[in-house]
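Participant: Have a look at this one.
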Amino acid sequence: MKTHTIEIQRIRALTDRHGLVLAKVDAFVQPMRPADGQDEDSVGPPASVISLSVEDARVLYQLLKKQFATIDGRKARSQR
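Using this note's numbering, the first residue of the sequence shown is number 7, and each one after it goes up by one.
Spelled out as structure tokens, the structure:
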């Protein structure tokens, strides 16, 4: 499995289609090297890392909260 370091620069938009939440972001993506946080002897499977500023994390939280409210509002009352 290839692992990457992904740095979110800007969150542009959030939408949902067919049960998926899609995010348009500006991001800096580069392959992760063992020195970037996982050495070859580390325990657990390799994983990609997404990093974003606290400000962007708050924006993402608010956008997701709004998106879920929109999705829930479209459900029939019996599915809530």
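Glycine is no exception: its CB is placed at the ideal position from the N, C-alpha and C atoms. This one's a predicted model, so the numbers in the text were calculated from it and none came from an experiment.
Starting from residue 63 and walking both ways along the alpha helix (DSSP H), at which residues does that stretch end?
Facilitator: It spans 60-80 - the alpha helix (DSSP H) in which residue 63 sits, taken as one unbroken run.
Participant: In this structure, how does DSSP classify residue 21 when only helix, strand and coil are distinguished?
Facilitator: The answer is strand: DSSP assigns residue 21 an E or B state.
Participant: Quickly, what does DSSP pair residue 36 with across the bridge? List them, please.
Facilitator: In DSSP, residue 36 forms a bridge with 11.
Participant: Return the CA-CA distance between residue 34 and residue 57, expressed in angstroms with no decimal places.
Facilitator: Rounded to whole angstroms, residue 34 to residue 57 spans 10 Å at the Cα level.
Participant: Where residue 8 and residue 32 are concerned, what is the direct C-alpha to C-alpha distance, given to the nearest angstrom?
Facilitator: Whole-angstrom Cα-Cα distance: 21 Å.
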